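If you read the protein sequences in the order shown, they are chains A and B.
Each residue of the first sequence is one higher than the one before, counting from 1 in this note's numbering.
Each residue of the second sequence is one higher than the one before, counting from 238 in this note's numbering.
Note that beta-carbon positions come from the ideal geometry of N, C-alpha and C, so glycine has one too.
Fair warning: this is a prediction, and the values are worked out from it, not measured in the lab.
Accompanying notes for the structure given below.
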Amino acid sequence: MKILVAEDDRVARRMLETVLAEWGYEVTAVADGVEALRELTRADAPQLAILDWIMPGLDGGEVCRRLRAEPNARLLYLIMLTVKSSRADVIAGLRAGADDYIAKPFDPRELRARLKSVLRRLQGKSAPEAKALRELVTIGACTLNLRSRELRDAKGREVPITAMEFSLLKTFLEHPNQVLSRDQLLSLTRNREWEPFDRSIDIRIARLRRKIEEHPERPKAIKTVRGGGYMYIPRAT
Amino acid sequence: MPQTCRASRAVFDRGEALARVCGNLALLRELAALFLEDAPCRVRAIRSALQTRDAGWLWRAAHSLQGSAASLNARAVRETAARLVALGRSGDLVAAAQLLPTLERALDRLRPALAELAEDRPAAAGSTPPDRPTPLPWRRPTLPESCP
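In structure tokens form, the structure reads like this:
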């Protein structure tokens, strides 16, 4: 499996290059964002890249944005490398299109386990399917971990959500920019507790908005469509 | 744990650093040598940024140093560099200038441990020299001497 490492710091770059090679990856290492973008848009580009957030030329976020903006985007899994203290950078990176992040200093066992997990998902998957499998997604002002079901706010604090709220969020994320009626939401979340024409979904969504929206009274992520239902609008990157 | 041991490990914990490279001592020695080559350049860049009052240049140089130190588990340098990054990003160059001696002292304490580690490094037969460090090309450098 090919992997690209983009890191301007020699120490970190050499470390990643060596441990990844020891684990059997075919590693291409570059020192700036321009070179990273060039390598990742080649026909034989790696499917997986680890990008430092701050780099000369183009920073990691800009590399992510440009790759995701490609109309015929290849199947790429992008992992952002950040410093531990910078939660704002993590969120910005995920919004820019990164699939995951690793904080420096990283635990090599964790990195290896994450890469194996990515490999399992990438093998045999098409680009849309792989995109659907991204673990960390932003919704409103929060970040949702689809695997651990944790919702975190912009400052990284966990926001408790119920199983039903998670189902609702996941349903919206899987149907961006689509109007979903109350019945459709009922059906898609497959919540057996709800009766047909159950209006409690309005209350559930009001609670969700209080958790994920910057201004719940003026929601931007989950909009009400009069006579239609609700629609999730992803934030533009 | 005795105070001196705690203080020493706060500067550089060789055991943790070795664990971070999966026990690869040769790699750790190579990383130590790279750090010793690059750190003076980063400090010069920070000093130059303070002289020219360039907060953007300052925090980027400190960020590079922070990353290097994190890779080696050099905690004191990493934490001080992280504080410099925060100060640079917030534009507080006065506080950053006051913190620079702390960073230099942390590097002075770190240097002997890394030098000892790097000096034990055997030269591999036929090995190619490590690539030159990436300079900080966000703008034309105005350093008193060129970074390697």
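- Note: LEU4/A is bridge-paired with THR28/A, ALA49/A in the DSSP secondary-structure output.
- For PHE172/A, the closest C-alpha among the options ILE161/A, ILE205/A, ARG66/A, ASP9/A is that of ILE205/A.
- Going by C-alpha positions, GLY156/A is about 34 angstroms away from LEU271/B.
- Cβ-Cβ separation between MET15/A and SER308/B: approximately 5 angstroms, consistent with a contact (criterion under 8 angstroms).
- In the DSSP assignment, GLY61/A falls within the unbroken alpha helix (DSSP H) covering 60-68.
- Taking CB atoms only, VAL83/A has a neighbour in chain B less than 9 angstroms away.
- The three-state secondary structure of ASP100/A, taken from DSSP, is strand.
- Excluding its 5 nearest sequence neighbours in each direction, GLY228/A has C-beta neighbours in its own chain below 6 angstroms: VAL179, listed in chain order.
- With respect to the 9 angstroms criterion, LEU40/A and LEU81/A are not classified as neighbours on the basis of their beta carbons.
- Per the C-alpha coordinates, the member of LEU4/A, ILE50/A, GLU22/A, ARG10/A positioned closest to THR28/A is LEU4/A.
- With a cut-off of 8 angstroms on Cβ pairs, the stretch 246-266 of chain B is in contact with the stretch 330-347 of chain B, counting three or more such pairs.
- Here the alpha carbons of TYR232/A and ALA323/B stand approximately 35 angstroms from one another.
- With a beta-carbon spacing of about 4 angstroms, GLU7/A and ASP52/A fall inside the 8 angstroms limit used to define contacts.
- The Cβ of LYS116/A sits no closer than 9 angstroms to any Cβ of chain B.
- Not a single C-beta of chain B is nearer than 9 angstroms to the C-beta of VAL90/A.
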